[in-house]
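K.L.:
Heads up: take any position in the sequence shown, counting from 1, add 5, and you land on our numbering. Here's a structure for you.
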Amino acid sequence: MITPKPRLAMVSIGIRRDLLAPLDYFSRFEVVHFFRKNVYDDLTAEDLSSSLRQYRSPIDLYQRLVESEPMIIQGVEPFSFYTQPFVWSCVLAARKTRAALVIPTFENRPLDVKFGRLRASVLRRALKNYFDRACLIFALNNGARENAIQCDTPPSKIVRALWGVWGVDTREFFPRSTRDNNQSPTILFAGRLHKEKGVFVLLDAFAQLYQVFPTARLRMVGDGPARDELAPQIQARDLTEVVRLSGTIKHRDMPNVFQNADIFCAPSLTTHKWAEQVGASSLQAMASGLPIVSTRSGAIPEYIPDGVAGILAPENDSHALATSLLALLRNPQRAREMGAAGRAYACAHYDARQNVERGEQLLTEYCLARRV
């Protein structure tokens, strides 16, 4: 007789392919994945599985969770007022089904800074039942861990691990075998075209380095509110022939994009309400063998070893960013060494399959023996 696998109900607000595909690596649990919307519209029919369930509202989510009869419920990000109705759907469903509750958290801005002291205090009180009931909290960065501790969560329940953002599929993202020597050296940015992602600082930096390294090219992949402002700035600087706005590219097509670049740049900026939480594109770039030029925004130094896999420049400093990029453009051997070191580091720490296996082990240790 085959023993059925314990059922894990995962709850997401939005889904995208790089977060969804690694779920195929789950082997110890039967996964049922509830989501509200396909945020990036980068899924094809091949990416959709029978485990996906879309919910319409917090009440609908509660009902679907109860009907699924899970042994473990993975809830939503706690540190957001928007997610609070869904937080309660997970708490009440866990209570109704006697399922163990697991919480993943990314939010690394101090709550008093992001929300103000009064609203932060209200949020912490509202989350007390959520954290009290949880048997395990996955913190994806040090700031998220600190926010959880400030909700009186015992540190023994908090584990630093890649969960939800699983890392990168190192079998899908890997270095190119050879380089076309006739190809101009290309700097790649991939992400939301938003001021907080440092896209205007990057354009300023490229304009500076282009004056002394005119064979360089810049490719910016992604879309967002800054696109309409970037385009005329590129034209005004007479850079239309060397700076390319590629728009959104589906995740399954990104390995080829990384393989046709030479340096990856992620110049994120810390703002009042946001700092980089993981930087999934940087992990994909490392797995692809690209050296990274980035900043110290949020969790970036936790994920990119400075001086090993890349160079971390000061935030919002186009001159420092240009200097760091030029250092690699002028020294291809150093760039290759950093790229190789980054690939090795990604395979050791960010491999999605390994992170799923570790997550399953943690669920087994923390949750299956502690159902309430």
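Heads up, the beta-carbon is just placed ideally off N, CA and C, and yes, glycines get one too. It should be emphasised that the depicted structure is a prediction, and the values quoted were computed from it without experimental measurement.
Could you name the residues of the same chain whose beta carbon sits closer than 6 Å to that of V377, not counting the 5 residues immediately before and after it, in chain order?
P.N.:
Its pLDDT being 45, under 50, V377 is placed unreliably by the model, and nothing is read from it.
K.L.:
Determine the extent of the alpha helix (DSSP H) in which T328 is found, giving its start and end residues.
P.N.:
That run of the alpha helix (DSSP H) goes 323-334.
K.L.:
Can you name the residues that DSSP bridges to G19?
P.N.:
G19 is bridged to K42.
K.L.:
Please state whether DSSP places V377 in a helix, a strand or coil.
P.N.:
Residue placement at V377 is flagged as unreliable, the pLDDT there being 45, under the threshold of 50; the coordinate-derived value follows with that caveat. In this structure, V377 counts as coil in the three-state DSSP scheme.
K.L.:
Mind checking which residues open and close the alpha helix (DSSP H) that includes A241?
P.N.:
Looking at the DSSP string, the run of the alpha helix (DSSP H) that includes A241 is 232-241.
K.L.:
State the DSSP-derived secondary structure class of T220, mapped to helix, strand or coil.
P.N.:
T220: coil per DSSP, three-state reduction.
K.L.:
Leaving aside the five residues before and after I316 along the sequence, list all residues of the same chain whose C-beta is less than 6 Å from its C-beta, in chain order.
P.N.:
So the list reads V298, S329, once near-sequence residues are dropped.
K.L.:
Could you tell me how far apart the beta carbons of A325 and A318 are, in whole angstroms, since I believe they sit closer than 8 Å?
P.N.:
Indeed, because the Cβ distance is near 4 Å, the residues count as touching under 8 Å.
K.L.:
For F194, which residues does DSSP report across the bridge?
P.N.:
The partner list for F194 (beta bridge, DSSP) reads M225.
K.L.:
Following the continuous alpha helix (DSSP H) through Q338, name the residue where it begins and the one where it ends.
P.N.:
Q338 -> alpha helix (DSSP H) spans 337-354.
K.L.:
Output the distance between the C-alpha atoms of K202 and G19, rounded to the nearest integer angstrom.
P.N.:
Cα-Cα distance, rounded: 20 Å.
K.L.:
Can you round the beta-carbon distance between V247 and L193 to whole angstroms, since I take them to be within the 8 Å contact cut?
P.N.:
At roughly 13 Å, the Cβ-Cβ gap does not stay under 8 Å, so V247 and L193 are not in contact.
K.L.:
Do you know how far the Cα of G344 is from the Cα of K200?
P.N.:
The straight-line gap from Cα to Cα measures roughly 27 Å.
K.L.:
Return the residue from the list H38, V283, A139, A353 that minimises the CA-CA distance to Y60.
P.N.:
Nearest option by C-alpha distance: H38.
K.L.:
Count the CB pairs spanning the region 141-157 and the region 239-255 that are closer than 8 Å, and state whether there are at least three.
P.N.:
No: the two stretches stay apart, fewer than three of their Cβ pairs being nearer than 8 Å.
K.L.:
Just to confirm, is the Cβ distance from T102 to P75 under 8 Å?
P.N.:
A contact, by the Cβ cut-off of 8 Å.
K.L.:
So what does I78 bridge to, in DSSP terms?
P.N.:
Beta-bridge pairing links I78 to A14, L106.
K.L.:
Please state if the CB of L132 and the CB of L116 are separated by a distance shorter than 8 Å.
P.N.:
The answer is no: Cβ separation not under 8 Å.
K.L.:
Is it true that the CB of V36 sits closer than 8 Å to the CB of S56?
P.N.:
Yes. Within cutoff.
K.L.:
Can you check the region 279-306 for any alpha helix (DSSP H) of at least 4 residues that lies completely inside it and give the ranges in chain order?
P.N.:
List check, alpha helix (DSSP H) in window: 285-292.
K.L.:
Under 8 Å: do the region 295-309 and the region 260-273 share three or more Cβ pairs, one atom per stretch?
P.N.:
With the cut-off at 8 Å, the region 295-309 and the region 260-273 touch.
K.L.:
Mind the definition here: the region 347-361 touches the region 157-175 only if three or more C-beta pairs lie below 8 Å; say whether that holds.
P.N.:
They touch, by the three-pair rule.
K.L.:
Answer with buried or exposed for Y87, where buried requires no fewer than 16 other C-beta atoms within 10 angstroms of its C-beta.
P.N.:
By the neighbour-count rule (16 or more Cβ atoms within 10 Å), Y87 is not buried but exposed.
K.L.:
Please confirm whether I78 and L70 have their CB atoms less than 8 Å apart.
P.N.:
Cβ atoms of I78 and L70: closer than 8 Å.
K.L.:
Please say whether F91 and V44 have beta carbons closer to each other than 8 Å?
P.N.:
Their beta carbons are not under 8 Å apart, which means V44 does not touch F91 by this criterion.
K.L.:
Just to confirm the assignment: which complete beta strand (DSSP E) runs, minimum length 3, are found wholly within the region 106-160?
P.N.:
DSSP runs (the beta strand (DSSP E)) wholly in the region 106-160: 139-144.
K.L.:
Ordered along the chain, which non-local residues of its own chain (more than five positions away) have a Cβ less than 7 Å from that of R114?
P.N.:
These residues qualify, in order along the chain: G148, K278, W279, A280.
K.L.:
When you compare each of I239, I64, G364 to P109 by their alpha carbons, which one comes out closest?
P.N.:
Closest by alpha carbon: G364.
K.L.:
Can the beta-carbon of G284 be found closer than 8 Å to that of I268?
P.N.:
No, the Cβ-Cβ distance between G284 and I268 is not below 8 Å.
K.L.:
Can you tell me the Cβ-Cβ gap for A340 and L331, rounded? I've got them flagged as a contact below 8 Å.
P.N.:
In fact, because the Cβ distance is near 11 Å, the residues do not count as touching under 8 Å.
K.L.:
Looking at M259: is its Cβ nearer than 8 Å to the Cβ of A195?
P.N.:
Against a cut-off of 8 Å, the Cβ pair of A195 and M259 comes out as a contact.
K.L.:
Taking just the CA atoms, how far does S293 sit from A144?
P.N.:
Whole-angstrom Cα-Cα distance: 26 Å.
K.L.:
Quick check on the burial criterion: 16 or more other C-beta atoms within 10 angstroms. Buried or exposed for Q289?
P.N.:
Q289 comes out buried.
K.L.:
Determine the DSSP secondary structure at A271, reduced to helix, strand or coil.
P.N.:
Three-state result, A271: strand.
K.L.:
Between the C-alpha atoms of L123 and P159, what's the straight-line distance to the nearest angstrom?
P.N.:
If I take the Cα positions, the gap works out to 23 Å.
K.L.:
Per DSSP, G315 is paired with what?
P.N.:
I297, D311, per the DSSP bridge assignment.
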